[in-house]
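Protein chains in written order, with this note's numbering: chain A, 282 to 513; chain U, 282 to 513.
The next block holds one structure in the form of structure tokens; read it before the comments.
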DNA sequence: AGAAAAATTATACGATCTTATAACAAGCAG
DNA sequence: CTGCTTGTTATAAGATCGTATAATTTTTCT
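Following this line, the structure appears as structure tokens:
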């Protein structure tokens, strides 16, 4: 999962020392540990959760597996998050924010014209970082939770809103620059978002269906329809 | 889950008799049962699986829960499907086929003009039967399996192909009738499918984002773009 | 230095899950 | 009516899961 590479860090490998010393020093030695700021620990656990979900899908959402992945004991998750669902929701926030930031970075590095910025947005959305089945694997787990958990649902509403507003800005700027009209900017942004998400989903489920470049072209065609007043 | 209503049947409620009679007749009484044709039983189990997934999401995919839902014992699932994933894959086939048939029925009941048929297709895709979060709940479980199981992946490829070809036919007929050109019909169908799926997904995750009628309008706008040569 | 606070380990408990296996019963063939 | 096939129940074994609780170590603060 390429998106995660940035986030990954050298993580604490739990020392087997306690086991070795147990025989020597006595039966009551404990594993040594480093105490970390709650904020850091929470993030470590969140990233470990993402890695587990990538590797094992829904089955990866487990206190024991995530704790092992993070190199800590199970109780730590209870301590920092209370119940495991809270940890997963936190992981969802990390993931969402990471993706949006990654795309926004590409947009802001483009030339400051509306067209160039929109192109960068589309290109970033179909870059290898996004066209990754593992990312869908994670997303799918989140979706199923969103449907049942109010906490997750609230996060999703927030992230989706941010995303659509971003698209709204990009499209609005283009329309102003090129002088065409859009009847309902918010709805147009929703449609464009849906088109991109739908293409991404279809590709992840069946990468043979079309090539990413074709996805980019189809998005540009939608923009072309907007230019020609299809949403007037 | 409205789509399931058609499939639901009065199901065997397991008699507690065996427990009661145990005290009277002796310790060795067994539950009475009806023997059914493997084909029937498999379908019953498949439908029970769908009901469980609707109710409990991923957690519903469990031998015990599905067996209880179907009013049989656990061993029966092992007997008919071997491992549980095979049962879920079977449930996926039932579901996919049901949805496509449901939409095609609406299309074929419309007036035989390309425009009317396409309208019916869109309307059916945004009808209350489809705009149901429970349906996404089931689909999400399937997607996660598609990513990991070749068996499920093969089914998905087949269903997706059928779906896109249907859209291709509808759009192609309209283009011919109205006399506009489409450069790549297959790609256009993929885009339109993605737009509809993306809107459906967004709505299911967050029903407050837009109304189904607005979804229909956004689809029509896309068609309007096609008319105006955005995909030429 | 020493005590208080907070992070972390360690462990246990009860529930649920998957799979395997043996016993039983329903329906069909003769 | 009898016996065979197999759908079905019943039960057990072993793994894993979530959460609670107590003991211990690290860090901080005075």
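Using N, Cα and C, we set each Cβ at its ideal position, and we do this for glycine too.
inquiry  = So that I know if they touch, is there some Cβ in chain A lying closer than 7 Å to that of residue 441 (chain U)?
reply    = yes
request  = Could you work out which residue in A:480, A:319 and A:463 is closest to residue 506 (chain A) when comparing CA atoms only?
outcome  = A:463
message = I want to verify the contact list: residues of chain A whose CB lies under 8 Å from the CB of residue 335 (chain U), in sequence order.
response = Here the premise fails: no neighbours, minimum Cβ distance about 10 Å.
task = Please decide whether residue 502 (chain A) counts as near chain U, where near means a Cβ-Cβ distance under 7 Å.
result = yes
query = residue 487 (chain U) touches chain A at which residues, Cβ-Cβ below 7 Å?
reply = 437, 438 and 441
query = With 7 Å set as the bound, which would you pick, yes or no: does the beta-carbon of residue 339 (chain U) sit closer than that to a beta-carbon of chain A?
reply = yes
ask   = Mind pulling the chain U residues with CB within less than 7 Å of residue 585 (chain A)?
value = The structure shown has nothing for residue 585 (chain A), since chain A only spans 282 to 513.
query = Interface residues of chain A around residue 491 (chain U) at Cβ under 8 Å?
reply = 468 and 471
message = Counting C-beta neighbours from all protein chains within 10 Å, is the total for residue 473 (chain A) 16 or more, i.e. buried, or is it exposed?
response = buried
task = Quick one: give me the first and last residue of the alpha helix (DSSP H) that residue 355 (chain U) is part of.
result = Taken as a continuous stretch (DSSP letters only), residue 355 (chain U) belongs to no alpha helix (DSSP H), as it is neither H nor E.
request  = Check the Cβ-Cβ distances between residue 478 (chain U) and every residue of chain A, and say whether any is below 7 Å.
outcome  = yes
key: Within chain A, partners of residue 475 (chain U) - CB distance below 7 Å   = 476, 479, 480 and 483
request  = For residue 304 (chain U), count neighbouring Cβ atoms within 10 angstroms of its own Cβ and tell me buried if that reaches 16, exposed if not.
outcome  = Legend: pLDDT at residue 304 (chain U) = 33, less than 50; position of this residue unreliable, value from coordinates given subsequently. The residue in question, residue 304 (chain U), is exposed, as its Cβ has fewer than 16 Cβ neighbours within 10 Å.
query = Which residues in chain A sit within 8 Å of residue 350 (chain U), going by Cβ to Cβ distance?
reply = Per Cβ cutoff of 8 Å: no residues; residue 350 (chain U) is ~18 Å from chain A at best.
query = Start and end of the alpha helix (DSSP H) containing residue 417 (chain A)?
reply = 414-429
ask   = Since residue 319 (chain U) is in the alpha helix (DSSP H), which residue starts that stretch and which ends it?
value = 319-337
ask   = So which residues on chain A does residue 495 (chain U) lean against when the C-beta distance must stay under 7 Å?
value = 468
ask   = Would you say residue 425 (chain U) reaches chain A, if we count a Cβ-Cβ gap shorter than 7 Å as a contact?
value = yes
task = Can you give me the Cβ contacts of residue 334 (chain A) inside the same chain, cut-off strictly under 6 Å, excluding the 5 residues immediately before and after it?
result = 341, 419 and 422
ask   = Alpha carbon to alpha carbon, what distance is there between residue 401 (chain U) and residue 409 (chain U)?
value = 14 Å
message = Assuming residue 327 (chain U) and residue 357 (chain U) are in contact, meaning their beta carbons sit under 8 Å apart, how far apart are those beta carbons, in whole angstroms?
response = Actually they are not in contact, since the Cβ atoms of residue 327 (chain U) and residue 357 (chain U) sit about 13 Å apart, beyond 8 Å.
Nearest candidate by alpha-carbon position, reference residue 497 (chain U), set U:480, U:486 and U:508 = U:480
ask   = Out of curiosity, what's the CA-to-CA distance linking residue 386 (chain A) and residue 362 (chain A)?
value = 30 Å
request  = Give me the Cβ distance between residue 456 (chain A) and residue 471 (chain U), rounded to the nearest whole Å; I'm assuming they're in contact under 8 Å.
outcome  = Actually they are not in contact, since the Cβ atoms of residue 456 (chain A) and residue 471 (chain U) sit about 26 Å apart, beyond 8 Å.
ask   = List, in order along the chain, the chain A residues whose C-beta lies closer than 8 Å to that of residue 421 (chain U)?
value = 421, 424, 425 and 428
message = With a threshold of 6 Å on Cβ separation, who are the neighbours of residue 347 (chain U) within its own chain once the five nearest residues in sequence on each side are excluded?
response = 329, 330 and 333
query = For residue 287 (chain A) and chain U, any beta-carbon pair shorter than 7 Å?
reply = Note that residue 287 (chain A) scores 41 on pLDDT, short of 50, meaning its location in the model is unreliable; the coordinates nonetheless yield the value given after this. Residue 287 (chain A) does not count as touching chain U.
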